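S.K.: Chains as they are written, first to last, in my numbering: chain A, 64 to 208; chain B, 263 to 755; chain C, 24 to 520; chain D, 31 to 111; chain E, 205 to 331; chain F, 4 to 94.
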Amino acid sequence: MISRYESIIITTLCKLLIPVIQLYGLYVIMHGHSSPGGGFQGGVILGASFILLVISHGLDEVKKRMSEKLNTIFCSFGLLIYAGLGVLALIFGGNYLDYGHLPIPVTIAEARYLGILGIEIGVGITVMAVMISIFLDISSVGEQE
Amino acid sequence: MDIISIRPLLAVLMGMIGAFFILLAGERHKNIREFSTILASVAKFLLVFSMVPFVFEGKTLVYDLITLAPGLLLEFKVDTFGIFFGVLASFLWIITSIYSIGYMRGLQEHAQTRYFFCFAMALSATMGIAFAGNLLTLFIFYEILTITTYPLVVHKETAEAIKAGRKYLVYTLTGGVTILFSIAFTYHLTGSLDFVGGGFLQDHGSKNVLTLLFITFILGFGVKAAIMPLHEWLPTAMIAPIPVSALLHAVAVVKAGVFGCLRVILYVFGPALLHELDLWWMLAYFVSFTIVVSGIFALVQDNLKVRLAFSTINALSIIILGAALLSPSAVKGGILHIANHGFMKITLFFCAGAIYVKTHKEKVSELDGLARQMPFTMGSFAIGAMGLAGIPPICGFISKWYLCLGALEAHEITFLFVLLISAMLDAAYFFPIIYNSLFKRSQEINPTFNEAPWLILVPMLIAAIISIILGIAPDAFVHFFKMAALIGQNTLH
Amino acid sequence: MSHSPILIIIIPLISSFFVPLIGWRKKNLCYPLVVLALFISSILSLYIMGSVITHGSIYYRLGGWEPPWGIEYRIDYLNGFMAVIVSFISFLVAIYSRRSGEQELPDRIVHFYCIFLLLVTGLLGMVVTGDMFNLYVFLEIASLAAYALIAIGEDGALMGSFNYLIMGTIGACFYLLGVGYLYIVTGSLNMNDLSQILPGLYHSRVVRTAFALFIVGLALKMGLFPLHTWLPDAYTHAPSAVSALLASVMSKVSVYIMIRIMFTVFNPYFSIELIPITTMLSWTAGIAILFGEIMAIVQPDLKRMLAYSSVAQIGYIVLGIGLANTMGLTGSLLHVLNHALTKGCLFLGAGAITYRRGTRDIRQLGYLHVEMPFTMAAFTIAALSMIGIPPTCGFFSKYYLILGAIDARQWIWVIILLLSSLLNAIFFFRVIENAYFKPLGVIHESSYDRGEQEEANEVPLGMLIPILALAAAIILTGIFSGKIISTIIQFAIPEGI
Amino acid sequence: MIWQLDLILLLFVVICGIAAISVKDLLSAVILLGLYSFLMCLLWTEMGAVDVAFTEASVGAGIGTVLYIAAVYKTTRRSKD
Amino acid sequence: MIEYIISKYNYWIYIVLMMIGFYAMISKRNLMKKLIGMTIFQTAIILFYISIGVKRDATIPIVPEHSHEAIKALEYVNPLPHVLMLTAIVVMVSTSGVALALLIMIYKRYKTIEEDEILKLRQEAGA
Amino acid sequence: MRFLNFILVAIAGGILIYSTVDMPPWADPSSPASVHVSPRYIEKTLEETATPNVVTSVLADYRGYDTLGETTVIFTAGMCCILLLRRVSKR
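#1: Taking Cβ-Cβ distances shorter than 9 Å, what residues in chain D pair up with glutamate 273/E?
#2: Would you say aspartate 55/D reaches chain F, if we count a Cβ-Cβ gap shorter than 7 Å as a contact?
#3: With a threshold of 16 other CB atoms inside 10 Å of the CB of tyrosine 136/C, please say whether the residue is buried or exposed.
#4: Please list the partners that leucine 239/E has in chain A, where partner means a Cβ-to-Cβ separation under 9 Å.
#5: Between the C-alpha atoms of tyrosine 596/B and leucine 610/B, what's the straight-line distance to the nearest angstrom?
#6: Give the DSSP-derived three-state secondary structure of leucine 76/A in the structure shown.
#7: Are leucine 177/A and isoleucine 167/A touching if we call contact CB-CB under 7 Å?
#8: Just to make sure I have the definition right: I need the residues of chain A whose C-beta is within less than 7 Å of the C-beta of isoleucine 308/E. Which are they?
#9: Among residues of its own chain, excluding the 5 on either side of isoleucine 466/C, which ones have a beta-carbon nearer than 7 Å to its beta-carbon?
#10: Whole alpha helix (DSSP H) runs in the segment 194–246 of chain C with 4 or more residues, listed along the chain?
#11: Under the rule that 16 or more other beta-carbon atoms within 10 Å means buried, what is alanine 512/B, buried or exposed?
#12: Closer than 7 Å by C-beta to aspartate 472/C: which residues in its own chain qualify, once you throw out the five before and the five after it? Chain order, please.
#13: Which residues share a DSSP beta bridge with threonine 152/C?
#14: Is the CB of tyrosine 170/C under 7 Å away from at least one CB in chain E?
#15: Any chance you could list the beta strand (DSSP E) runs of at least 3 consecutive residues sitting entirely within the segment 332–367 of chain B, in chain order?
#16: Within the segment 233–278 of chain E, note down every full alpha helix (DSSP H) run reaching 4 residues or more, in order along the chain.
#17: Please confirm if the segment 398–413 of chain C is in contact with the segment 494–502 of chain C, defined as three or more CB-CB distances below 8 Å between the two stretches.
#18: Using beta carbons (cut-off 7 Å, strictly below), is glycine 92/D in contact with chain A?
#19: Counting pairs of beta carbons, one from the segment 346–363 of chain C and one from the segment 409–429 of chain C, are three or more of them closer than 8 Å?
#20: Just to check my reading of the structure: glycine 459/B and threonine 753/B have Cβ atoms closer than 8 Å, yes? What is that Cβ distance to the nearest angstrom?
#21: Is the Cβ-Cβ distance between isoleucine 363/B and leucine 717/B less than 7 Å?
#22: Would alanine 633/B and lysine 567/B qualify as a contact pair, given that the criterion is a beta-carbon distance under 7 Å?
#23: Could you tell me whether the Cβ atoms of serine 211/C and valine 40/F are closer together than 7 Å?
#24: Quick one: what's isoleucine 328/B bridged to in DSSP?
#25: First and last residue of the alpha helix (DSSP H) that includes aspartate 320/E?
#26: For tyrosine 697/B, count the other beta carbons within 10 Å of its own beta carbon; 16 or more makes it buried, fewer makes it exposed. Which is it?
#27: How many angstroms separate the CA atom of glutamine 476/C from the CA atom of phenylalanine 460/C?
#28: Out of curiosity, what's the CA-to-CA distance linking valine 58/F and lysine 506/C?
#29: Considering only C-alpha positions, which residue in the set Val43/D, Leu35/D and Lys54/D is nearest to arginine 108/D?
#30: Aspartate 130/C by DSSP, collapsed to three states: which one?
#31: Can you tell which of Gly750/B, Ser627/B, Gly641/B and Lys594/B has the C-alpha that lies nearest to the C-alpha of lysine 702/B?
#32: Please list, in chain order, the chain A residues whose beta carbon lies closer than 8 Å to that of lysine 104/D.
#33: Thinking C-beta only, is alanine 401/C closer than 7 Å to alanine 330/C?
#34: What are the start and end residues of the alpha helix (DSSP H) that includes isoleucine 312/C?
#35: Determine the burial state of arginine 89/F: buried for a count of at least 16 other Cβ atoms within 10 Å of its Cβ, exposed for fewer.
#36: Using the rule of at least 16 other Cβ atoms within 10 Å of the residue's Cβ for burial, across every protein chain shown, is serine 504/C buried or exposed?
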């Protein structure tokens with residue numbers, strides 16, 4: 064790992080900053096409908112918050128919060144949400160990824176709106192997890208665990 | 263008239279079924295393995311023989327297996343020529359299998375399962391060639407034959423054998439590729455590949471194109487028919503076990519090449535077209551060269567098998583010469599010579615094998631005085647040799663007689679001389695062997711009676727006797743003579 | 024079943040998400056899941072092919088949006104045919120991958136399966152889609168998966184994979200750029216829509232440049248001759264199952280895209296008449312055939328030899344495209360199938376040999392037919408198919424290619440095709456000769472005294488079955504090639520040729 | 031969308047690109063690559079592609095650069111060309 | 205003339221950038237440099253796509269939610285290239301990720317990331 | 004070698020620049036790309052998906068399948084890195 068520079072300022076500042084970044088990431092994911100942003104950007108920001116944590120506090124700190132196992136589960140889970148929504152649409156009579164057929168008691172356009180939200184969340188989770196995973200693997204040359 | 267019948271397919275499959283059981287029995291159950299070889303060969307012969315009456319009634323047995331390509335079937339068609347070759351090869355397989363068992367057991371050869379398996383597959387392929395209804399089917403089995411005989415050539419697995427195998431493959435595969443080109447080109451010109459008595463290429467393509475096509479065809483099939491200078495592989499391939507040389511390199515493989523040549527001459531191009539293009543005499547001169555040169559080559563060979571190989575080259579070219587002359591008698595004689603030469607040459611090879619099994623001698627110069635030790639063997643040898651030289655009453659005389667007649671019919675005295683010279687050369691390289699074995703003495707050979715085992719002796723004698731019978735009554739049993747005449751009639755109208 | 028076009032993609036896709044999840048708890052469950060997913064996928068692809076034959080092309084709108092706006096799946100004879108090839112070969116390779124995977128990468132088998140499935144998903148996605156950009160996305164999925172799968176091979180695989188990554192990325196970028204060029208002048212990404220707009224723009228330089236970009240990009244991806252440099256290293260050092268999948272399927276998918284773009288997106292009039300692309304393709308292909316086979320002859324390494332032979336075989340297929348007549352294209356498409364089966368069988372066989380012998384040196388294969396009789400039998404059949412001996416399938420595609428070359432009056436290709444048969448024979452018989460007729464190690468002059476006490480030591484059944492299945496398929500495809508042509512390939516040839 | 035501004039930005043982008051591939055120190059090259067990405071990001075914002083710019087800023091210039099830097103730290107900073 | 209240049213310079217510069225990347229990819233011996241070139245190459249393509257989508261006097265493609273006027277496509281830049289390029293950027297970073305992983309593996313194995321040195325090492329190992 | 008590469012790059016660049024002649028002018032509102040497919044996205048997004056950000060609606064709905072593929076690319080990359088780099092220690 065990149066050798067950590069022990070500095071109280073950095074650790075404290077990062078500890079303060081990280082929740083804000085994460086909140087912002089969530090905001091970007093949720094607010095992709097009406098402003099720039101969406102799953103990718105939000106996911107990357109969430110991932111970046113963890114990367115910042117690695118840089119400021121080291122690998123072990125991250126391991127405590129986001130174990131490798133959990134990370135891999137997140138990788139798959141986000142995509143499962145995405146693909147699952149499509150399959151759900153398939154089951155309820157639409158074509159694949161046709162959110163208009165999701166069983167939600169709203170108009171078709173609004174159902175699509177919600178469908179988009181659903182998949183943005185899925186994308187966000189996957190992107191976050193994968194970004195963390197790639198960074199951890201590259202920065203530790205896989206010598207963890 | 264066509265009859266749809268599954269018999270040709272069964273005849274082809276019989277060898278493969280036999281091969282399958284051979285593989286199943288393997289080295290552990292030798293007797294079952296050899297029993298299945300013989301069973302398959304007998305069954306195949308009976309199947310083929312059962313088709314003979316239909317052919318004489320003027321019918322053709324047809325079986326379309328599957329469509330290989332739009333308008334191109336994997337098609338079996340049993341016509342006179344096909345049945346002629348089929349009967350010959352399948353009958354000789356029976357006696358060769360008996361002989362093989364004796365030979366292989368006598369020498370305690372290795373990898374016998376592979377040997378019998380490949381043998382059965384090769385015979386299957388030969389049947390496929392005989393009964394092929396079109397060029398593509400013929401080619402498919404022709405290539406299978408190439409591949410299945412390769413392990414037989416390499417059977418000894420020595421460096422020399424491997425080298426011979428390579429040479430064999432290089433020659434035959436190159437030939438195969440040339441044939442493939444010719445077939446594709448024929449298809450391009452005519453859109454059909456079905457054999458038609460008298461040819462189907464007329465009025466397709468220009469004169470030059472057809473000439474080129476003919477040349478590539480003859481070069482392609484000529485490899486297996488061992489026309490000089492494409493013969494090089496045949497003497498080398500004599501490294502194979504004797505039964506292989508006997509059946510495959512005297513009958514099945516080389517005759518497949520000759521069969522292909524004749525199919526091309528008589529059923530693809532046809533006499534009329536060859537006359538029109540003036541190709542027949544070119545071919546005739548070409549093979550005449552082979553006839554004379556191979557005879558001279560044979561004179562100087564000391565290895566008995568190689569001498570026999572050159573004699574084979576000689577005989578094959580004589581057959582093609584017969585077809586190339588395109589006169590009724592010549593064609594009849596040439597085709598008859600396929601059968602006659604088959605029986606005589608197999609006798610000779612069996613003799614060579616018997617000598618090898620008993621004395622481990624392969625050189626001509628070492629056979630002095632052998633007739634006292636192995637009278638039956640040398641007697642059969644004499645029959646075969648005299649037959650090839652064209653001495654009556656052995657069958658070689660009949661075919662050569664008709665060939666000479668054919669040369670006269672075609673008003674080509676040159677080829678008459680070629681035939682006569684070749685007969686003399688035949689005599690010249692065979693008779694010293696007989697003479698020496700009878701009258702010379704040698705330290706190495708014990709002049710007491712000590713014949714080869716009966717499994718070897720019996721097939722040899724059968725082949726020799728048949729050679730004589732066919733000489734006295736050419737129309738005995740399966741009416742080879744009548745068939746040859748019929749083929750002539752069907753194609754030379 | 025109206026959703027079957029999408030199901031063949033998402034079943035392996037979703038399974039690949041489940042693989043790492045399951046892998047944490049039960050490693051043993053991954054393998055059945057992979058095999059099951061690919062099995063369902065291949066059955067569905069057969070079903071799709073059947074319904075294409077009976078009802079004609081299938082259209083599927085993803086998300087329910089109509090084509091130029093949404094993404095559309097469009098399955099016709101060509102697609103369906105490719106989908107069947109891809110899914111079935113992947114299925115067989117997946118069965119095979121278990122043992123070889125356990126030997127070659129014991130601790131990473133879970134992720135191996137996951138990426139394997141993603142690779143197949145990517146390939147299937149490329150095949151069935153009717154949208155240019157969607158194709159790019161799946162191309163990248165397949166490529167990324169392929170880079171990683173190659174890299175986990177033996178020593179030397181890393182550089183092979185890296186070079187492939189660089190070259191593959193250039194190829195993919197060229198493709199993407201080509202899509203952009205078409206988009207700037209047409210405003211559409213849908214293949215069908217493009218094919219209707221483009222004829223009016225054939226004289227635009229942008230369209231021509233786009234075409235050139237597509238061809239170069241795809242040639243890079245498939246490893247066509249001057250751009251093949253990544254291929255031998257990648258195929259040689261990758262795990263056997265992966266080389267089999269890459270050589271038999273992935274390069275074919277690139278070929279498929281090339282056909283699709285040349286003759287569907289652009290019409291044959293453009294590809295044949297307006298620009299000299301077919302001539303250029305056939306020349307490169309001709310050189311590729313000779314080059315690949317001559318290089319293959321001198322290789323001592325079995326897999327490297329097969330890799331160079333792949334370069335040559337790609338040449339065959341492209342030559343058929345370059346001939347641009349019915350016969351040539353028939354041969355080309357038939358060869359796509361045949362080479363997929365044959366090369367799959369050969370690479371799997373090579374893998375099996377390596378599995379038992381631990382070496383791939385051709386000179387050290389002596390007496391292999393006693394040790395592994397079934398594998399060697401299958402290998403021999405596949406080798407004969409490569410050489411083009413009937414009745415194996417390789418013969419028939421070669422026959423059609425020759426017919427195509429004669430029809431086009433291109434004698435030089437006829438000669439090259441015939442010559443290549445012989446060159447193939449040289450290097451395949453070298454293997455056969457060593458395996459069947461030579462003892463272990465050096466050749467002894469007298470080998471009569473060699474006993475046959477050596478016991479058969481065949482590879483496990485899980486590896487053997489796919490090899491034998493492929494060998495059987497080689498012969499069956501050969502015998503029934505007429506049927507295949509008259510029911511599928513005949514209709515898969517684009518109109519206007 | 032002012033074409034003069036556009037042109038200047040493009041010029042900087044090209045300079046950054048050339049610099050990134052020509053400096054010998056890999057860390058500098060990677061930082062220059064990050065700069066290149068940010069300039070691109072500006073360009074795209076200016077062209078109205080806010081979403082893409084946002085993504086490039088976070089993915090390309092952010093995570094991408096971080097990954098490159100991590101890789102440089104894990105391998106070597108030295109480069110022959 | 206100036207009109208023409210203004211109407212095309214964007215494309216030219218993207219081509220220049222792309223060629224810089226392309227050149228680095230095919231002729232640099234340092235593997236990291238190749239990857240940097242790859243990123244430049246891909247980014248240039250993205251620039252090209254974004255340029256396709258630009259419309260004169262148009263704004264970002266976010267439409268007003270509660271406006272009563274009909275939305276005119278001419279007033280908003282073309283969103284389709286943006287969508288495509290979002291995908292392309294992600295693909296780019298994914299490719300970089302895999303490539304960097306490979307690079308690190310290569311460094312672990314050969315202790316260098318210069319292509320010619322690796323080739324030499326491999327030849328020595330092979331010989 | 005480098006010189007050859009440079010020539011290659013120059014040729015490729017030359018061809019690409021040459022082909023820009025036929026491209027529609029930059030920022031032309033009436034270029035095919037701006038009039039053929041894309042207007043519908045802008046005009047119908049609110050009506051059909053209730054999403055004001057057109058990029059999001061196209062990304063996640065009209066061409067949602069691309070995005071699935073794209074997310075899969077990321078997933079693939081993640082898995083590739085794990086496969087390549089991570090050594091799972093045997094427990």
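Glycine included, each C-beta is placed from N, C-alpha and C at the ideal position. Quantities reported herein were computed from a predicted structural model and do not represent experimental measurements.
M.R.: Looking at the coordinates:
#1: Chain D residues near glutamate 273/E: none, gap ~20 Å exceeds 9 Å.
#2: With respect to chain F, the C-beta atom of aspartate 55/D has no partner C-beta closer than 7 Å.
#3: Around the CB of tyrosine 136/C, 16 or more other CB atoms lie within 10 Å, so the residue is classed as buried.
#4: Within chain A, no residue comes near leucine 239/E; the closest Cβ sits about 12 Å away, beyond 9 Å.
#5: According to the sequence displayed, residue 596/B carries glycine and not tyrosine. Straight-line Cα distance between these residues: approximately 20 Å.
#6: Three-state DSSP puts leucine 76/A in a helix.
#7: A contact, by the Cβ cut-off of 7 Å.
#8: The contacting residues are Ile201 and Val204.
#9: With a pLDDT of only 40 at isoleucine 466/C, under the threshold of 50, the placement of this residue in the model should not be trusted; the figure read from the coordinates follows. So the list is empty, once near-sequence residues are dropped.
#10: Taking 4 residues as the minimum length, the alpha helix (DSSP H) runs contained wholly in the segment 194–246 of chain C are 214–220 and 228–245, in order along the chain.
#11: Around the Cβ of alanine 512/B, a 10 Å sphere holds 16 or more other Cβ atoms; the residue is buried.
#12: Residue placement at aspartate 472/C cannot be trusted, given a pLDDT of 41 that sits under 50; the coordinates are not used to answer.
#13: Among the bridge pairs identified by DSSP, threonine 152/C is matched with Tyr96/C.
#14: Against chain E, the CB of tyrosine 170/C has a partner CB under 7 Å away; the residue lies at that interface.
#15: Listed in chain order, they are 334–340.
#16: List check, alpha helix (DSSP H) in window: 235–257.
#17: Segments in contact, yes.
#18: So yes, glycine 92/D belongs to the interface.
#19: Touching, yes.
#20: Rounded, the Cβ-Cβ distance is 5 Å, consistent with contact.
#21: Against a cut-off of 7 Å, the Cβ pair of leucine 717/B and isoleucine 363/B comes out as a contact.
#22: In this structure, alanine 633/B sits away from lysine 567/B, with a CB-CB distance that is not shorter than 7 Å.
#23: For serine 211/C and valine 40/F, yes; Cβs fall inside 7 Å.
#24: Per the DSSP secondary-structure output, isoleucine 328/B pairs in a beta bridge with Leu336/B.
#25: Counting along the chain, the alpha helix (DSSP H) containing aspartate 320/E begins and ends at 319–330.
#26: Around the beta carbon of tyrosine 697/B, fewer than 16 other beta carbons sit within 10 angstroms, so the residue counts as exposed.
#27: Bear in mind that a pLDDT of 43 at glutamine 476/C, under 50, signals an unreliable position, so the number given afterwards is only what the model happens to contain. Linking glutamine 476/C to phenylalanine 460/C through their CA atoms gives a straight-line distance of about 16 Å.
#28: Near 49 Å, if we compare the C-alpha coordinates of lysine 506/C and valine 58/F.
#29: Among Val43/D, Leu35/D and Lys54/D, the Cα nearest to that of arginine 108/D belongs to Lys54/D.
#30: Helix.
#31: Of the candidates Gly750/B, Ser627/B, Gly641/B and Lys594/B, Ser627/B places its Cα closest to the Cα of lysine 702/B.
#32: For lysine 104/D, the neighbours in chain A by C-beta distance under 8 Å run, in chain order, Ile201, Ser202 and Val204.
#33: Not in contact: alanine 330/C and alanine 401/C (Cβ atoms no closer than 7 Å).
#34: Isoleucine 312/C -> alpha helix (DSSP H) spans 300–320.
#35: It is buried - the Cβ of arginine 89/F has at least 16 other Cβ atoms within 10 Å.
#36: By the neighbour-count rule (16 or more Cβ atoms within 10 Å), serine 504/C is buried.
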